[in-house]
Amino acid sequence: MPDQHDDILRDWRENAARNEDRNFRFLRSLRMAPSERRVDALAGALHQEAFAAIDCTRCANCCKTMKPALIEADLKRISRHLKLSREAFISTYLETDPEEGGYRMRALPCPFLAGDGRCSIYEHRPKACREFPHTDKKGFSWRTYMHADNTLSCPGVYRIVQEMRIRRGRF
Ligand code: SF4
Ligand code: SF4
Numbered sequence: 007m008p009d010q011h012d013d014i015l016r017d018w019r020e021n022a023a024r025n026e027d028r029n030f031r032f033l034r035s036l037r038m039a040p041s042e043r044r045v046d047a048l049a050g051a052l053h054q055e056a057f058a059a060i061d062c063t064r065c066a067n068c069c070k071t072m073k074p075a076l077i078e079a080d081l082k083r084i085s086r087h088l089k090l091s092r093e094a095f096i097s098t099y100l101e102t103d104p105e106e107g108g109y110r111m112r113a114l115p116c117p118f119l120a121g122d123g124r125c126s127i128y129e130h131r132p133k134a135c136r137e138f139p140h141t142d143k144k145g146f147s148w149r150t151y152m153h154a155d156n157t158l159s160c161p162g163v164y165r166i167v168q169e170m171r172i173r174r175g176r177f
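One rule links them: number in my numbering = place in the sequence shown (from 1) + 6.
Structure representation (structure tokens):
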């Protein structure tokens, strides 16, 4: 029996690319919204709704298709957990990020994605993975490009943006 999770993922697969331009324009228009606080409140509520319905272990698209950046604290924490030196961890798993500088995961899917869709280093995962997809953080209106890109990678973000467009009268 398809459940809400399946409905959200099917809608995302079928419609996210088709709605890319419309969603980008909508996200850009949020910069002009009269109340940034109300945008954040609605985004936060929709984030809770979306991720209560989605089972990320049955999606894992971010871990399959995106390379998280790692900050120095991640390098220390994860290499210690894996009982590797910092240098061995970098040479085994990471590459230099050509756009941002610093390091990012080298392989796709992520080598720490387990067969059951879970993260095998969950307690130690990078900060970027903990914070993804950033839809429940303050300043939603100002992350236009990030959220627009993520509608194509994350069914949860697509759902949140679609619902915001429907409910935009609230702000
Ligand atoms: S892409 Fe989005 S919905 Fe899918 S696993 Fe990642 S955070 Fe969850
Ligand atoms: S470290 Fe874990 S949460 Fe981050 S991309 Fe890899 S499998 Fe996903």
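Ideal placement from N, C-alpha and C gives every residue a C-beta, glycine not left out.
Since we're looking at a predicted model, the values are computed, not measured.
| Check | Outcome |
| --- | --- |
| For Cys75, which beta-bridge partners are listed by DSSP? | Checking the sequence shown, residue 75 turns out to be Ala, not Cys. Ala75 is bridged to Arg110. |
| Which residue spans inside the region 46 to 108 form an unbroken beta strand (DSSP E) run of at least 3? | 100 to 102 |
| So the candidates are Gly162, Ile172, Glu137 and Arg173; which of them puts its Cα closest to the Cα of Ala22? | Gly162 |
| Does the Cβ of Ile60 lie closer than 7 Å to at least one heavy atom of ligand 1? | yes |
| Checking 8 Å against the spacing of the C-beta atoms, do Met111 and Lys73 come in under that value? | yes |
| Just tell me which of Pro139, Thr71, Phe95 and Ala66 has its CA closest to the CA of Gly123. | Ala66 |
| With distance defined between alpha-carbon atoms, name the residue in Asp12, Asp17 and Arg34 nearest to Arg64. | Asp12 |
| Considering only heavy atoms of ligand 1, does any lie closer than 7 Å to the CB of Gly108? | no |
| Would you call the region 146 to 157 and the region 22 to 37 in contact, with 3 or more CB pairs under 8 Å? | yes |
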